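Numbering (this note's numbering), first residue to last: 483 to 827. These notes are about the structure you will find just below.
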């Protein structure tokens, strides 16, 4: 079905709303919803609350009130049809008098799927697949990945010089990237559920792993801080153990074990910020799904590289990357890529 320009705009507004709650809804998906009245005017919109709170559709319906009767709902994910911590969205949609629902992605969760069928049975017109590619590549991406694999979506983020060094020969690394890049890195921290480093990074750099403004103020939302510490090296006075955010210390060096433990805690998007050894282990285990590199216009000539031993010994075994975005950011270049794992994960 050919949708109008206003319908396309409504769905892309819903996609943008979903982005505003990334990192705050897990283990539930980050969803956005928009309601247009019969005259095409915006009457309600919303995004998913943290787990246990109202879903995007309910927020939009509450804002619309009586204006939802005869209206069209645009939502990034098929409305749920089951009772969990909250009642099913399908019933709320039916009760509100919505006559048409347009959604982007079918819900693959066997527990919550089937909403489209329920709505059609109730006499509503349902259109599926609008802006599906954008929705899958956007706020839903980590959740969809975690649902299909049983582990969090992993983004590996690092800053390096143009010759690939993440620190100088004497160990100094502040600051390789520009202030603009560092602010952007905090933006990335703000949309994930957890940030992971190894004990070596804690021992060497004593990072806080918090999300802060450019002025250094803590934001309200703080991801879970995760430290892999098989050798029990993390000191009780380490900044990562302060009260700025919750921290989990895992007594393991095995990525898949750590990822399973985090998935069981509700983590759906993990940001990997550790050093070369940790990154190498995750790459070797084929547990990296996205790479964000801040490339600074500097040369060092010596010092550790971004990636440690990843089990790659020949150029023929090199891991190919698919570049998704290249952006000039301050004096640096931000490159976003995804590994091209042959044969899948």
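All residues carry an ideal CB built from backbone N, CA and C; glycine is no exception. Treat the numbers as computed from the prediction; the structure is a model and nothing was measured.
Grouping DSSP H, G and I as helix and E and B as strand, with all else coil, what is residue 787? Strand at residue 787.
Quick one: any contact between the stretch 738 to 751 and the stretch 603 to 615, if contact means 3 or more CB pairs under 8 Å? When Cβ pairs closer than 8 Å are counted between the two stretches, the stretch 738 to 751 is seen not to touch the stretch 603 to 615, the count staying below three.
Please report the distance separating the alpha-carbon of residue 694 from that of residue 701. Taking the straight line from one Cα to the other gives about 6 Å.
Just the C-alpha distance for residue 817 and residue 675, rounded to the nearest angstrom, thanks. Cα atoms of residue 817 and residue 675: separation of roughly 22 Å, rounded to the nearest angstrom.
At least three beta-carbon pairs within less than 8 Å, the stretch 549 to 556 to the stretch 587 to 596: The stretch 549 to 556 and the stretch 587 to 596 do not touch, with fewer than 3 CB-CB distances between them shorter than 8 Å.
I'd like the list of long-range same chain contacts for residue 629, defined as Cβ closer than 8 Å, with 5 residues on each side in sequence excluded. In chain order, 590 and 591 place their CB closer than 8 Å to the CB of residue 629, counting only its own chain and leaving out the 5 sequence neighbours on each side.
On the criterion of 16 or more Cβ atoms from any shown chain inside 10 Å, does residue 644 qualify as buried, or is it exposed? Result: exposed.
How would you write the range of the alpha helix (DSSP H) that residue 664 sits in, first residue to last? 661 to 671 is the span of the alpha helix (DSSP H), which, as asked, contains residue 664.
Alpha carbon to alpha carbon, how far is residue 510 from residue 526? Give it in angstroms, no decimals. Spanning the two alpha carbons is a distance of roughly 21 Å.
Along the chain, where does the beta strand (DSSP E) containing residue 680 start, and where does it finish? Its beta strand (DSSP E) spans residues 676 to 680.
Does the Cβ-Cβ distance between residue 762 and residue 791 come in under 8 Å? In this structure, the beta-carbon distance from residue 762 to residue 791 falls below 8 Å.
So does the stretch 514 to 526 actually touch the stretch 543 to 550, counting three or more Cβ pairs closer than 8 Å? Because the criterion of three Cβ pairs below 8 Å is met, the stretch 514 to 526 and the stretch 543 to 550 touch.
Would the stretch 774 to 791 and the stretch 725 to 736 be scored as touching if the rule is three or more Cβ pairs under 8 Å? As far as the Cβ criterion goes, the stretch 774 to 791 does not touch the stretch 725 to 736, which means the pair count is below three.
So what does DSSP say about residue 775, is it helix, strand or coil? Looking at residue 775 - three-state DSSP - the assignment turns out to be strand.
Helix, strand or coil at residue 821 according to DSSP, with G and I counted as helix: Reduced to three states, the DSSP call for residue 821 is strand.
Close beta carbons around residue 513, own chain, < 6 Å, minus the five adjacent residues each side: The answer, listed in chain order, is 500, 530, 538, 558 and 559.
Tell me the DSSP bridge mates of residue 525? Paired residue(s): none; residue 525 is not in a bridge.
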